[in-house]
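Novice: Quick note on this note's numbering: the sequence shown kicks off at 6 and runs consecutively.
Glycine included, each C-beta is placed from N, C-alpha and C at the ideal position.
The model shown is predicted, which means the values in this text are computed figures rather than measured ones.
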Amino acid sequence: MRGERQLKFRFFMSLTLISACSVLVLASALFFWFREKTVDHVNQVNESVLLNTETVFTKYMDMVQNYTMDFYRNPNINTVMQSGDNNWSNQLYSALSQMRGTITVNAFLENAYIMGQDGPALMFENNPLSPSAKRELFELVRDSEIKQSPFVWNATLNSGEREKLMTLFYNDRAFGSSEYHGAIAMTVNLRKLQENIFGSSGDGDTRYAILDAGGLLLMQSGLPGVSFDEAMLRHIASGTSKAGTLIWKDGSGARKLVAYRQAQHGGLWFLSETSYKNSVRDIANALKLMIGLSLALIAAAAAAAAFVSHRMYKPIGTLFGNIRSLSGDRLAFAKGGGFDEANRELERIAGEFGELKREKEDSALLRWLTSPYRSGDQLPSALPPLQDSSGSAAFCVAVLQLNHAGTDNEMPDEEKIEKIKSLPQLTERLFDGKAACRGFFPHPDAAVLIVSETESGSFGDYGLIRERWEQLDEELRSWSGTACSIGVSRLSADTGQLKQLYDEANDSLQYRKLRSSAAVIYADDTIHLNGSPMPDSSLEAVLQIVRNREQELIPGAIERLLAAAGSYRAGQATIALSRLALELDKIGDTGLANGIARHSDFLVHYQRIWRISDYAELGAWLEQLCLNACEKLNELNTVQTRSAADEAIAYIRKHYNDPTLSLNGLADKLAISPPYLSRMITEATGSSFPDFVHLVRLEHARALLISDPELDIREIAEKSGYSSSTYFTTLFKKRYGVTPSKWRLNHILQQND
Numbered sequence: 006m007r008g009e010r011q012l013k014f015r016f017f018m019s020l021t022l023i024s025a026c027s028v029l030v031l032a033s034a035l036f037f038w039f040r041e042k043t044v045d046h047v048n049q050v051n052e053s054v055l056l057n058t059e060t061v062f063t064k065y066m067d068m069v070q071n072y073t074m075d076f077y078r079n080p081n082i083n084t085v086m087q088s089g090d091n092n093w094s095n096q097l098y099s100a101l102s103q104m105r106g107t108i109t110v111n112a113f114l115e116n117a118y119i120m121g122q123d124g125p126a127l128m129f130e131n132n133p134l135s136p137s138a139k140r141e142l143f144e145l146v147r148d149s150e151i152k153q154s155p156f157v158w159n160a161t162l163n164s165g166e167r168e169k170l171m172t173l174f175y176n177d178r179a180f181g182s183s184e185y186h187g188a189i190a191m192t193v194n195l196r197k198l199q200e201n202i203f204g205s206s207g208d209g210d211t212r213y214a215i216l217d218a219g220g221l222l223l224m225q226s227g228l229p230g231v232s233f234d235e236a237m238l239r240h241i242a243s244g245t246s247k248a249g250t251l252i253w254k255d256g257s258g259a260r261k262l263v264a265y266r267q268a269q270h271g272g273l274w275f276l277s278e279t280s281y282k283n284s285v286r287d288i289a290n291a292l293k294l295m296i297g298l299s300l301a302l303i304a305a306a307a308a309a310a311a312f313v314s315h316r317m318y319k320p321i322g323t324l325f326g327n328i329r330s331l332s333g334d335r336l337a338f339a340k341g342g343g344f345d346e347a348n349r350e351l352e353r354i355a356g357e358f359g360e361l362k363r364e365k366e367d368s369a370l371l372r373w374l375t376s377p378y379r380s381g382d383q384l385p386s387a388l389p390p391l392q393d394s395s396g397s398a399a400f401c402v403a404v405l406q407l408n409h410a411g412t413d414n415e416m417p418d419e420e421k422i423e424k425i426k427s428l429p430q431l432t433e434r435l436f437d438g439k440a441a442c443r444g445f446f447p448h449p450d451a452a453v454l455i456v457s458e459t460e461s462g463s464f465g466d467y468g469l470i471r472e473r474w475e476q477l478d479e480e481l482r483s484w485s486g487t488a489c490s491i492g493v494s495r496l497s498a499d500t501g502q503l504k505q506l507y508d509e510a511n512d513s514l515q516y517r518k519l520r521s522s523a524a525v526i527y528a529d530d531t532i533h534l535n536g537s538p539m540p541d542s543s544l545e546a547v548l549q550i551v552r553n554r555e556q557e558l559i560p561g562a563i564e565r566l567l568a569a570a571g572s573y574r575a576g577q578a579t580i581a582l583s584r585l586a587l588e589l590d591k592i593g594d595t596g597l598a599n600g601i602a603r604h605s606d607f608l609v610h611y612q613r614i615w616r617i618s619d620y621a622e623l624g625a626w627l628e629q630l631c632l633n634a635c636e637k638l639n640e641l642n643t644v645q646t647r648s649a650a651d652e653a654i655a656y657i658r659k660h661y662n663d664p665t666l667s668l669n670g671l672a673d674k675l676a677i678s679p680p681y682l683s684r685m686i687t688e689a690t691g692s693s694f695p696d697f698v699h700l701v702r703l704e705h706a707r708a709l710l711i712s713d714p715e716l717d718i719r720e721i722a723e724k725s726g727y728s729s730s731t732y733f734t735t736l737f738k739k740r741y742g743v744t745p746s747k748w749r750l751n752h753i754l755q756q757n758d
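1. Determine, using beta carbons only, whether valine 69 and valine 193 come nearer to each other than 8 Å.
2. Apart from the five residues on each side of it in sequence, which residues of its chain come closer than 8 Å, Cβ to Cβ, to phenylalanine 156?
3. Which of the three DSSP states, helix, strand or coil, is assigned to glycine 561?
4. Taking all protein chains shown into account, do 16 or more other C-beta atoms lie within 10 angstroms of the C-beta of tryptophan 274, making it buried, or fewer, making it exposed?
5. Going by Cα to Cα distance, which pick from Ile189, Ser182, Leu195 and Leu127 is closest to alanine 160?
6. Here's the rule I'm using: 16 or more other beta-carbon atoms within 10 Å means buried, otherwise exposed. How should tyrosine 118 be labelled?
7. So the candidates are Ser683, Tyr620 and Ser725; which of them puts its Cα closest to the Cα of lysine 659?
8. For lysine 254, collect the residues of the same chain with a Cβ closer than 7 Å to its Cβ; drop the 5 residues on either side in sequence, then sort them by chain order.
9. For a test of the three-state rule: what should DSSP assign to asparagine 194, helix, strand or coil?
10. Looking at the unbroken alpha helix (DSSP H) that takes in tyrosine 681, where does it start and where does it end?
11. Tell me the DSSP secondary structure of valine 743 in three-state form.
12. Which runs of the beta strand (DSSP E) at least 3 residues long sit entirely within the region 484-560? Give them in chain order.
13. Nearest to tryptophan 373 by alpha carbon, out of Ser102, Ser183 and Trp474?
14. I need the DSSP call for threonine 211, collapsed to helix, strand or coil.
15. Measuring CA to CA, which of Arg167, Ile151 and Lys152 is closest to tryptophan 158?
16. Tell me which residue opens and which closes the alpha helix (DSSP H) that isoleucine 470 is part of.
17. Compare the C-alpha of proline 417 against each of Phe464, Arg554 and Trp484 and name the closest.
18. Assuming serine 232 is part of the alpha helix (DSSP H), what are its boundary residues?
19. Go through the region 75-116 residue by residue and report every complete run of the beta strand (DSSP E) that reaches 3 residues or more, in order.
20. What do you get for glutamine 505, buried or exposed, if any count of 16 or more other CB atoms within 10 angstroms of its CB means buried?
21. Could you please give me the residues that DSSP links to tyrosine 265 through a beta bridge?
22. On the three-state DSSP scale, how would you describe glutamate 166?
23. If I follow the unbroken alpha helix (DSSP H) through alanine 650, where does it start and stop?
24. Comparing the CB of glutamate 200 with every heavy atom of the ligand SAM, is any distance shorter than 7 Å?
25. Distance check for alanine 523 and isoleucine 491, CA to CA, integer angstroms please.
26. What is the rounded straight-line gap between the Cα of leucine 294 and the Cα of leucine 671?
27. Going by the beta-carbon positions, is the gap between arginine 472 and alanine 398 smaller than 8 Å?
28. Do three or more CB pairs link the region 585-592 to the region 518-533 at distances below 8 Å?
29. Whole angstroms is fine: what's the gap from leucine 709's alpha carbon to leucine 668's?
30. Which first and last residues belong to the beta strand (DSSP E) in which alanine 398 is found?
31. Going by alpha carbons, who is nearest to leucine 503 out of Asp466, Ile455 and Ala562?
Now the structure itself:
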């Protein structure tokens, strides 16, 4: 009996030890897996915030860069650059008032400079620079290409203090060989921009910062007195990795979890710093849970081993064999991230806010337009020689776009290039020798013609000139497989207006997509078009047809919309059509007929419409957006008739402003259990019941911020179903990154632009 008890005890101890070791190994593996997941989650959250910070920073830089481009292209400001003449006129006063208003509205903009050929021509300075600093800024802008904007430099103020400034500029130096003709430069106060991006609050465990390419701190969140470890900043900037995380121990011995990434453009670094202890505080709780669970499992294993050893000690040989076999097993634990899909989505948004607007013309065309005629020169000159000794002969500029007509018999490229280069001779022939013509051919399918009177008054009746352009259009359409659009500027005898006349002719082509029958567009016909924004009623007619899913009425509605848009300036018409496309795209994606999408999506639609040059293409694209939206609404309508979840969704959308709206109350109305209703809503929308209610409420709140600008935040919160405006503001900022007040202000500024 003693031997049996001893054998049973040994068998019991063996089973207990094996069970305990297995439990400990499993618990350790789960703990380390959980710790890795926790750290990865913190890193992913910080990297997402960094990418969002980079996106916000890029938006500010794009906004200022757009200001510089708009001011540079203003003909009155451009005249100041070219000639240095800053005599006041109504037009110049209006342009300069707009520049001053820009730096007044945007508090982070310090100074604005109009750079001439030899130095600053005009300037607006809230924080004046010293004369030497202004000269240094001029030389930096003059010698830089457009792609080098923005840049950071140490400037000397009038007070003698040194301050680091970020400067954005725009000139026509697209390449290193391009000539300099002037520039617009605007300086950014990094301290004020820091408040816009991060705020001034020092609350929170995580801090964020923006560094220059060399690792020097430019901006940071929280209080400025709490600095970052300079050795850590140098380590990140000097490393070879463009993104990653590290654990850094500062001088006090405290460990920090640091995530960093470098922007694709500009070389700026974005980083976050979190206390390592706080970032993984859940691990300590998990460790206690694992210890308790392991002890419980070991106790259960010991009880099971005692029972087994008591009942099965006789076949000990077989059991030991199985034990030896089991002792060599190794458990495998899967490792992998759970945020791959989110990362891909963020990379796609960053790629869209990285697209740059294409230049309207290259530097060769600008040189050609501004080069005077000199007899005997071999280089092409913008103005043809005048036979009239008085020198007052008039001229105009025409921009031609030659496109494939869609037939199979398109002429070979060599023949087409030769025909395009013969356009000046063809034009002179059509004008019966009363005009001299010179041409510039920037692209294989484009031409710029300057037609000048051979003698003062030789053009005669302006209606006769229009007949000649119509005849030229007929000649071009007779070319095999060729379609043509021609934009013609007004007449002028001032050679200094060549660039302005070119812009008029080029801008006139934008009306080609709004007029189905017009092949030749005259700038004189577009000057008196309506410059105010298109009314919402023009768009609402199309949206109402889409909401009613009347697909057969869509072509007629689009045709009427484009006819109405043709009576407005090209910019206002493009803005209105972009808003319509944005709304249709939103409906096509989510089925939310009253949703408002991001401003970045609006810019994508605006740029696409601006690049479209054909009436049929624009109409077909808008019709397709309408059809996609109708299909989405039809799909939702079909599903709603079959699913109780959609009935609940419809109820939420209708009663979103009811503060008492709850899962239990809605479940009672539908006569189903709350857990089942919650699961159905999650499957149908991809969000939980509270998240979906917040989504609908916040969408309607955004609509109220635009449609009722006189409502304060408290009233909007109440109309959206929130009894607390503070809670509403917290949810709004968490979802959209800014407070409701800032979102409304940004929208107003974008509308004014």
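Specialist: With the given structure in hand:
1. Here residue 69 is taken as the residue at index 64 of the sequence shown, counted from 1. Here residue 193 is taken as the residue at index 188 of the sequence shown, counted from 1. Yes, the pair counts as a contact, with Cβ atoms nearer than the cut-off.
2. Taking the first residue of the sequence shown as 1, we reach residue 156 at position 151. Excluding sequence neighbours, phenylalanine 156 sits near Leu145, Ser149, Met171 and Thr172.
3. The residue given as residue 561 occupies position 556 in the sequence shown. In the three-state reduction of the DSSP assignment, glycine 561 falls in the helix class.
4. As a working mapping, residue 274 is identified with position 269 in the sequence shown. By the neighbour-count rule (16 or more Cβ atoms within 10 Å), tryptophan 274 is buried.
5. Residue mapping note: residue 160 aligns to position 155 of the sequence shown, counting from 1. For alanine 160, the nearest C-alpha among the options comes from Leu195.
6. Here residue 118 is taken as the residue at index 113 of the sequence shown, counted from 1. Looking at its Cβ environment, which holds 16 or more other Cβ atoms inside 10 Å, tyrosine 118 is buried.
7. Reading the sequence shown from its first residue, position 654 is the one you call residue 659. Selected option, being the one with the closest Cα: Ser725.
8. By 1-based counting over the sequence shown, the position of residue 254 is 249. Answer for lysine 254: Arg260, listed in chain order.
9. Taking the first residue of the sequence shown as 1, we reach residue 194 at position 189. Of the three classes helix, strand and coil, the one that applies to asparagine 194 here is coil, per DSSP.
10. The residue given as residue 681 occupies position 676 in the sequence shown. Looking at the DSSP string, the run of the alpha helix (DSSP H) that includes tyrosine 681 is 679-690.
11. Position 738 of the sequence shown, counting from 1, holds the residue named residue 743. It is coil, neither helix nor strand.
12. Listed in chain order, the complete beta strand (DSSP E) runs (minimum 3 residues) inside the region 484-560 are 487-493 and 525-527.
13. Here residue 373 refers to the residue found at position 368 of the sequence shown. The option with the nearest alpha carbon to tryptophan 373 is Ser183.
14. As a first step, residue 211 must be located in the sequence shown, where it is residue number 206. Assignment of threonine 211 by DSSP, reduced to helix, strand and coil, places it in the strand class.
15. For the purposes of this step, residue 158 is taken as the residue at position 153 of the sequence shown. For tryptophan 158, the nearest C-alpha among the options comes from Arg167.
16. The sequence position of residue 470 within the sequence shown is 465, counting from 1. Counting along the chain, the unbroken alpha helix (DSSP H) around isoleucine 470 starts and ends at 467-482.
17. Locating residue 417 in the sequence shown gives position 412, counting from the first residue. Of the listed residues, the one whose Cα sits closest to proline 417 is Trp484.
18. For the purposes of this step, residue 232 is taken as residue 227 along the sequence shown, with counting starting at 1. In this chain, serine 232 is not harboured by any alpha helix (DSSP H), its DSSP state being neither H nor E.
19. Within the region 75-116, no complete beta strand (DSSP E) run reaches 3 residues.
20. The residue labelled residue 505 in the question sits at position 500 within the sequence shown. A buried status is given to glutamine 505, since no fewer than 16 other beta-carbon atoms sit within 10 Å of its beta-carbon.
21. Here residue 265 refers to the residue found at position 260 of the sequence shown. DSSP, once it has assigned bridges, lists Gly249 and Leu276 as partnering tyrosine 265.
22. Indexing the sequence shown from 1 puts residue 166 at position 161. Three-state result, glutamate 166: coil.
23. As a first step, residue 650 must be located in the sequence shown, where it is residue number 645. Unbroken alpha helix (DSSP H) run through alanine 650: 649-659.
24. The ligand SAM is not part of the structure shown, which contains no ligands of any sort.
25. Taking the first residue of the sequence shown as 1, we reach residue 491 at position 486. Taking the first residue of the sequence shown as 1, we reach residue 523 at position 518. Taken atom to atom, the span from the alpha-carbon of isoleucine 491 to that of alanine 523 is near 9 Å.
26. As a working mapping, residue 294 is identified with position 289 in the sequence shown. As a working mapping, residue 671 is identified with position 666 in the sequence shown. For the pair leucine 294 and leucine 671, the Cα-to-Cα distance works out to about 37 Å.
27. Reading the sequence shown from its first residue, position 467 is the one you call residue 472. Reading the sequence shown from its first residue, position 393 is the one you call residue 398. In the sequence under discussion, the amino acid at residue 472 is glutamate, which differs from the arginine named in the question. No, the pair does not count as a contact, with Cβ atoms beyond the cut-off.
28. At 8 Å Cβ cutoff, the stretches do not touch.
29. Taking the first residue of the sequence shown as 1, we reach residue 709 at position 704. Taking the first residue of the sequence shown as 1, we reach residue 668 at position 663. One C-alpha to the other measures close to 25 Å.
30. The sequence position of residue 398 within the sequence shown is 393, counting from 1. Careful: alanine 398 lies outside any beta strand (DSSP E) and carries neither H nor E.
31. Locating residue 503 in the sequence shown gives position 498, counting from the first residue. With distances taken between Cα atoms, leucine 503 lies closest to Ile455.
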